[in-house]
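Residue 555 in the numbering used here sits at position 449 of the sequence shown, with consecutive numbering throughout.
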Amino acid sequence: MKTENIRTRFAPSPTGFMHIGNLRTALYTYIIAKKYGGKFILRIEDTDQGRFVEGATDVIYNTLKACGLEWDEGPDIGGPVGPYIQSERMGIFKEYAEKLVETGHAYYCFCTKERMEQVHAEQQAKGITPTYDRHCRDLPKEEVEKLLAAGTPYVIRQKVPLDGTTTFHDELYGDITVPNADLDDQILLKADGMPTYNFANVVDDHLMGITHVIRGNEYLSSTPKYNLLYEAFGWEIPTYIHVERIMRDAGHKLSKRDGDAYFGDFVEKGYYIPAILNYIALLGWAPKGENEIFTLDELIDEFDIGGLSKSPAIFDPVKMKAINGEWLRKISHEEFKAAALPYIRQTCKREDINIDELVKTLQPRTELLTEIPEKVDFIDELPEYENDLFFNKKMKTTPETALSALTAAVPVLENIPESDWTEEKIHEAVFAEIEKLGVKNGWMLLPMRAALSGKALTPGGGIELAAILGKTDSISRIKKAIEKLS
Ligand code: GLU
107 MKTENIRTRF APSPTGFMHI GNLRTALYTY IIAKKYGGKF ILRIEDTDQG RFVEGATDVI
167 YNTLKACGLE WDEGPDIGGP VGPYIQSERM GIFKEYAEKL VETGHAYYCF CTKERMEQVH
227 AEQQAKGITP TYDRHCRDLP KEEVEKLLAA GTPYVIRQKV PLDGTTTFHD ELYGDITVPN
287 ADLDDQILLK ADGMPTYNFA NVVDDHLMGI THVIRGNEYL SSTPKYNLLY EAFGWEIPTY
347 IHVERIMRDA GHKLSKRDGD AYFGDFVEKG YYIPAILNYI ALLGWAPKGE NEIFTLDELI
407 DEFDIGGLSK SPAIFDPVKM KAINGEWLRK ISHEEFKAAA LPYIRQTCKR EDINIDELVK
467 TLQPRTELLT EIPEKVDFID ELPEYENDLF FNKKMKTTPE TALSALTAAV PVLENIPESD
527 WTEEKIHEAV FAEIEKLGVK NGWMLLPMRA ALSGKALTPG GGIELAAILG KTDSISRIKK
587 AIEKLS
């Protein structure tokens, strides 16, 4: 594969959502450009106005930016080969389509919709896939001119050779050869003068100097027709890399109904964005070594086209969640804090707690950020609880043992100066008491945890919770438990 002066493009249609399959295409496209010092171009393919969705372009911009996939040229920042929005390029395609008519690689077709419907119905009745029956392919020149002069509506169709074969090369699939007889004389320019996607993408990729086309393999079957167009124009054919689909299981695509087809679904579910990117990179690409946790920069280093798979990738939500957990554990305290804070603040508004201690406690215990609000919901207000919260079979604690433990804990905690109220110092003091009393750790720590949180499940144990809540609140919660237990 050529690797000099690479120009790749991501060419999404603004549908209002970013499917993770599309995001993965963007990611590979970005990586291949960056790996070889090339340029990554963003082109918005919005010519299908029927699908126009308000704000949909922003979804594309915001998703790519949130993922760190910054483009070098694009609609908002411009560049030497703009405009980068396909609807603003509409003027240029007619001229190119007419050029193909002149050189004998395309032709005017005046067939009406009614005629086409009839032809397709007949084909279907015979069990043939509906195609154009090439009715206008060999119309005499004079007749074409007469019809054009009369203002008859027309489309321009590609004149695919009737025999022979067309071969194209894909970096992943190798050489693929198809009989030309199997290729449809597809429409290049529609009756309203607008290009079809199949035509526009070839012209745009050429005019934008795209050297490597990376896209979903649903375009694989159209690629021979694109090559015939490149050849007809005498343009250089780009390097193709078609990537496999992402499936729910062997028989089903990932669909929006499952709630995990779109990038936004995962953000909403509490996934950390670099982890989303990391996981989708692995959907259809295998790194050489054992490690599967990569930052974007590491992916650029590690990525190798040879690692791309030729069979569909199966989306594995369990693995994705595990990767997210690994990410949350490995990032710095400050990074985790920035990601966790909005979730903490959903249920915990208190400013007087030790937020860094809370963050430190949450970090090793969080798989999804959305788990956080429930984990910290005891901080602002101690929940109502029953005394049977103090029963623990394994540690042999009961409400009675809890009363003794907490009564012993109060003077110990009161003795710690406010300025020394850190996890380390609390630990020291409480463990000294545990040793003095000759009891098991849990005998003391479990009741502390229950009294401080009013919950059976908490992030961190009694000592961590005390450090988070501060001296005054911790002692007051413990005294309240003693009262309840007495
Ligand atoms: N606009 C097309 C899509 O969103 C782009 C396909 C391509 O990359 O050529 O599927």
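Note that beta-carbon positions come from the ideal geometry of N, C-alpha and C, so glycine has one too.
Here the structure is a predicted model, which is why all the values come from computation and not from measurement.
Applying the criterion that 16 or more other CB atoms from any shown protein chain within 10 Å of the CB defines a buried residue, is residue i buried or exposed?
i    : result
H211 : buried
Q224 : exposed
K546 : exposed
M107 : exposed
V308 : buried
A445 : buried
P257 : With the sequence shown as reference, residue 257 is identified as Gly, and Pro is not the correct amino acid for it. G257 comes out exposed.
T114 : buried
K481 : buried
E179 : buried
D182 : exposed
S559 : buried
P118 : buried
S580 : buried
I126 : buried
P186 : exposed
D407 : exposed
I540 : buried
Q234 : Position check: residue 234 holds Ile in this sequence, whereas Gln was assumed. I234 is exposed by the Cβ-count criterion.
K140 : buried
Does the distance from the CB of residue i to the CB of residue j come in under 8 angstroms?
i    : j    : result
W549 : T503 : yes
I522 : K466 : no
N333 : I343 : yes
I316 : T302 : no
L474 : K375 : yes
F421 : I352 : yes
P285 : T273 : no
D290 : Y238 : yes
L335 : Q229 : no
M554 : G568 : yes
P479 : Y449 : yes
L468 : A556 : no
V349 : I262 : no
P423 : D366 : yes
H318 : I138 : yes
I429 : Y385 : yes
Q192 : I150 : yes
I411 : E277 : yes
Apart from the five residues just before and just after residue i, which ones in its own chain have a Cβ nearer than 7 angstroms to its Cβ?
i    : result
V250 : Y214
L383 : L133, C173, L402
V159 : P120, T121, G122
L509 : I588, L591, S592
G299 : K200
A338 : L206, T209, H211
D281 : T273, H275
Closer than 6 angstroms by C-beta to residue i: which residues in its own chain qualify, once you throw out the five before and the five after it? Chain order, please.
i    : result
I574 : I459, N460, E463, L464
A535 : V518, I522
L175 : A132, Y136
H241 : C217
Near residue i, what residues of its chain come up, given a Cβ to Cβ distance below 8 angstroms and the 5 sequence neighbours on each side ignored?
i    : result
R195 : P189, A306, D310
L254 : Y214, Y260
L268 : N286, A287
For residue i, decide whether its Cβ has a neighbour in chain B, counting only Cβ atoms nearer than 8 angstroms.
i    : result
G210 : Protein chains in the displayed structure number just one, and chain B is not present.
Neighbouring residues (CB closer than 6 angstroms to any heavy atom of the ligand GLU): A117, P118, S119, E151, N307, R321, Y325
Would you check if the segment 455 to 471 and the segment 383 to 395 touch, i.e. whether three or more CB-CB distances between them fall below 8 angstroms? They do not touch, by the three-pair rule.
Do the segment 436 to 454 and the segment 164 to 173 make contact, defined as three or more Cβ pairs closer than 8 angstroms? no
Evaluate contact between the segment 120 to 131 and the segment 397 to 414, counting only Cβ atoms and requiring at least three cross-stretch pairs below 8 angstroms. no
Given 8 angstroms, three or more beta-carbon pairs between the segment 510 to 521 and the segment 577 to 590: yes
So, do the segment 525 to 543 and the segment 482 to 489 have three or more beta carbon pairs nearer to each other than 8 angstroms? no
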